[in-house]
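Here the structure is laid out as structure tokens; the discussion comes afterwards.
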DNA sequence: CCCCAGTGTGAAATCGTTCTCAACGCATGA
DNA sequence: TCATGCGTTGAGAACGATTTCACACTGGGG
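Protein chains in written order, with full-length UniProt numbering: chain A, 1 to 336; chain B, 1 to 336.
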């Protein structure tokens with residue numbers, strides 16, 4: 001079917017090794033190079049990457065395992081990773097785990113079988129604790145989620161700081177009874193919850209954090225139930241864009257006026273968050289930077305394998321919008 | 001580093017061929033199978049996919065070339081494709097072209113080099129005309145965009161029908177001066193424009209279609225300029241979710257009341273379209289079906305290579321929202 | 001007792017590259 | 001004249017699997 005290097009060699013009247021050199025960067029005479037190029041064009045030859053990888057023992061492939069590409073955070077990250085990879089002449093294998101530890105294990109095996117050059121991974125909480133650097137034949141960079149062991153290069157947001165910042169912001173605007181919805185499957189959710197709790201405590205307020213599955217409908221259900229309780233919160237913080245969607249939908253369904261009856265703030269500055277009424281206050285994550293930094297850490301690690309591991313902590317940007325406008329305390333009986 | 005099949009064979013006390021058979025589905029005694037499995041576990045052996053692909057001449061890989069994974073349509077499609085692929089024991093190589101014909105060519109070469117089993121491709125208008133089935137060593141399924149030649153299996157929306165449907169809907173609601181913004185780089189944009197023009201003509205109305213680059217800012221700019229013109233349209237139809245974003249943003253910036261001063265309708269039922277005020281009328285595309293159908297066509301083609309090509313035309317669903325509520329004609333001097 | 005079919009096994013070829021090594025031609029310098 | 005070295009080339013050995021082929025063993029039927 002497809003021509004191989006032998007066909008090219010025959011047509012060019014040179015040996016296979018010479019063709020290989022001509023196509024690579026070996027020393028060949030200009031004359032031969034011309035002939036080989038002509039033969040390549042004539043035969044439509046394209047090198048077989050499997051053969052090349054097998055022989056050279058370099059896959060030029062990096063793995064990218066994320067929870068769900070439909071989460072806009074991961075969409076943007078993967079785009080950045082791919083761009084960087086292709087620019088470096090590498091390919092990307094993208095896998096979605098759906099936060100399922102079994103699929104994580106499956107895909108880690110796959111990466112091993114592909115003999116990837118490196119892996120960028122956003123593991124669930126369930127697997128992250130068991131990861132050991134020495135179990136991998138290639139460097140691993142964690143993204144969005146950090147392992148306690150510190151064995152891996154990592155790119156994360158300053159999750160605690162960002163959460164605390166949101167709490168500060170709400171308190172400053174006059175809110176006191178502030179609840180939080182956080183993802184239960186990732187360390188990121190946990191960290192953001194911790195930041196929220198710390199922030200609340202710092203203000204002498206009682207935290208009320210609830211952990212849920214990282215899906216928009218889960219957030220909507222949780223919010224609906226919560227807002228039906230007697231002691232309804234004045235504000236709710238959520239830990240990602242999907243929850244923002246669910247929470248906003250719940251508020252809408254209950255006909256709550258935002259921020260008068262419920263203030264909303266969260267993570268991920270998605271395109272729609274400033275188009276809804278009111279616009280939503282969010283922590284914007286530097287998504288492209290996540291991808292680029294992860295690739296940078298990976299390449300750095302490949303260059304200097306024994307260097308101490310590094311954690312790049314990126315900070316988010318608070319974008320204040322109308323969903324957290326100053327609370328008018330009139331309707332509350334309690335004093336400040 | 002990693003153990004290979006030879007190591008396993010040595011440890012299990014059998015030949016390499018027997019190991020291969022034991023791991024595959026060849027006939028081996030239960031005894032040997034046990035030993036091999038033990039040896040695999042002990043050595044941590046994982047087959048080398050490059051070697052396997054080279055020898056077996058089956059890459060078990062399908063290529064997926066889309067314009068931009070950040071476009072929610074392609075996000076959903078790619079998720080569906082991946083799920084189907086992994087379920088069939090195949091991997092996916094995902095590439096983003098950014099609607100750049102050069103990158104399309106680059107990635108088509110890459111697919112050839114990877115010796116993919118099949119390709120799912122959403123090409124730009126610039127390349128789609130030049131595609132010839134015989135130039136590929138593997139089946140190609142076009143998705144979202146159709147080639148005139150009919151040489152390829154294809155999954156598309158009934159673009160003309162859907163566009164005309166939007167026009168009908170708007171006319172029914174009392175709108176007459178209806179403009180349209182369409183993507184210039186894809187046949188889909190062209191088809192939707194054609195459906196719009198046909199729909200307008202059918203109602204005896206004068207179409208005004210403008211073709212722009214498939215990016216949200218382009219739509220915003222175009223809309224801002226358009227709405228500043230003397231003869232401002234009563235309604236604008238757009239051909240995808242990114243344009244919807246741009247158009248809505250433009251209307252917002254101009255402080256236009258929707259639908260009183262400008263009605264809006266378009267394609268792609270993105271999560272936010274029913275959260276903004278007013279909710280946006282859209283044609284919903286069965287995105288998961290796109291991915292699944294494309295995979296189905298691909299597998300079908302692999303099974304029966306010479307069967308005539310098929311085009312699966314999916315129909316969209318009109319979701320009526322407040323952005324196209326009935327026009328009150330009071331403010332217009334012209335008679336209907 | 002022989003033949004045959006079926007089962008299980010190993011040796012060796014093969015996939016398409018890259019890479020090592022030896023060798024060639026030719027110019028240069030001793 | 002001969003050794004040295006450089007630039008260029010080809011033969012052939014890998015890489016790690018699958019697959020073909022031949023063969024040994026078993027048991028059943030003639």
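Don't be surprised by glycine CBs; every beta carbon is placed ideally from N, CA and C.
Let me know the secondary structure DSSP gives residue i once reduced to three states.
i	result
residue 90 of chain B	coil
residue 165 of chain B	helix
residue 268 of chain A	coil
residue 204 of chain A	coil
residue 335 of chain A	With a pLDDT of only 43 at residue 335 of chain A, under 50, the local geometry of the prediction cannot be trusted, and the value read off the model is given with reservation. Three-state result, residue 335 of chain A: coil.
residue 116 of chain A	coil
residue 330 of chain B	Residue placement at residue 330 of chain B is poorly supported in this model, since its pLDDT is 48, which falls under 50; the coordinates still yield a value, given next. Helix at residue 330 of chain B.
residue 106 of chain A	helix
residue 276 of chain B	coil
residue 210 of chain A	strand
residue 121 of chain A	strand
residue 284 of chain A	strand
residue 157 of chain B	strand
residue 262 of chain B	coil
residue 296 of chain B	helix
residue 306 of chain B	coil
residue 131 of chain A	coil
residue 63 of chain A	strand
residue 324 of chain B	helix
residue 311 of chain B	strand
Out of the options, which has the shortest C-alpha to C-alpha gap to residue i?
i	options	result
residue 252 of chain B	A:275, A:303, A:158, A:230	A:275
residue 150 of chain A	A:163, A:164, A:33, A:134	A:134
residue 339 of chain B	B:266, B:20, B:306	Here chain B covers residues 1 to 336 and nothing more, so residue 339 of chain B does not appear.
residue 117 of chain A	A:140, A:13, A:97, A:132	A:140
residue 286 of chain B	B:107, B:100, B:312	B:312
residue 302 of chain B	B:75, B:96, B:119, B:68	B:119
residue 81 of chain A	A:316, A:296, A:304	A:296
residue 292 of chain B	B:155, B:69, B:138	B:155
residue 115 of chain B	B:124, B:203, B:137, B:128	B:137
residue 255 of chain B	B:272, B:268, B:224	B:224
residue 227 of chain A	A:91, A:294, A:51, A:264	A:264
residue 165 of chain B	B:327, B:9, B:8, B:315	B:315
residue 294 of chain A	A:72, A:121, A:105, A:97	A:121
residue 70 of chain A	A:47, A:325, A:99	A:99
residue 152 of chain B	B:163, B:132, B:162	B:132
residue 273 of chain A	A:289, A:290, A:319	A:319
residue 239 of chain A	A:201, A:189, A:74, A:199	A:189
residue 213 of chain A	A:148, A:222, A:31, A:92	A:222
residue 210 of chain A	A:199, A:203, A:194	A:194
residue 219 of chain A	A:171, A:181, A:57	A:181
residue 5 of chain A	A:31, A:37, A:28, A:27	A:37
residue 48 of chain B	A:169, A:57, A:94	A:57
Listing by chain order, which chain B residues have their CB less than 8 Å from the CB of residue i?
i	result
residue 112 of chain A	2, 46
residue 115 of chain A	2, 48, 49, 50
residue 78 of chain A	69
residue 94 of chain A	82, 92, 94
residue 249 of chain A	275
residue 109 of chain A	46
residue 252 of chain A	275
residue 75 of chain A	69, 70, 75
Could you list which residues in chain A have their beta carbon closer than 7 Å to that of residue i, in chain order?
i	result
residue 53 of chain B	50
So which residues of chain A does residue i contact, with C-beta pairs closer than 8 Å?
i	result
residue 350 of chain B	Since the displayed chain B opens at 1 and closes at 336, residue 350 of chain B lies outside it and no answer follows.
Output, in chain order, the set of chain A residues within a Cβ distance shorter than 9 Å of residue i.
i	result
residue 124 of chain B	Under the 9 Å cutoff, chain A gives no residues; its nearest Cβ is about 18 Å from residue 124 of chain B.
List, in order along the chain, the chain B residues whose C-beta lies closer than 7 Å to that of residue i?
i	result
residue 271 of chain A	245
Show which residues of chain B have a CB atom less than 9 Å away from the CB atom of residue i.
i	result
residue 317 of chain A	By Cβ distance, chain B contributes nothing, its closest Cβ being about 20 Å from residue 317 of chain A, past 9 Å.
Quick check: the stretch 57-73 of chain A against the stretch 94-114 of chain A, are at least 3 beta-carbon pairs closer than 8 Å? Between the stretch 94-114 of chain A and the stretch 57-73 of chain A there are three or more inter-stretch CB-CB distances shorter than 8 Å, so the stretches are counted as touching.
For the 8 Å Cβ check, are there 3 or more pairs between the stretch 78-98 of chain A and the stretch 35-43 of chain A? Result no; under three Cβ-Cβ pairs closer than 8 Å.
Mind the definition here: the stretch 7-18 of chain B touches the stretch 9-27 of chain A only if three or more C-beta pairs lie below 8 Å; say whether that holds. No, the stretch 7-18 of chain B is not in contact with the stretch 9-27 of chain A.
Is there contact between the stretch 229-239 of chain B and the stretch 158-177 of chain B, where contact requires at least three CB pairs shorter than 8 Å? In short, these stretches touch, since the Cβ pair count reaches three.
Pairs of beta-carbons, one from the stretch 240-259 of chain B and one from the stretch 235-249 of chain A, closer than 8 Å: are there three or more? Contact fails: fewer than three Cβ-Cβ distances are below 8 Å.
Entirely within the UniProt domain "HTH lacI-type" (3-56) of chain B and at least 4 residues each: give me those alpha helix (DSSP H) ranges in chain order. Runs found: 5-12, 16-23, 30-43, 49-56.
Which ranges does the beta strand (DSSP E) cover as unbroken runs of at least 3 residues, wholly within the stretch 177-255 of chain A, from first to last along the chain? 178-183, 208-212, 235-238, all fully within the stretch 177-255 of chain A.
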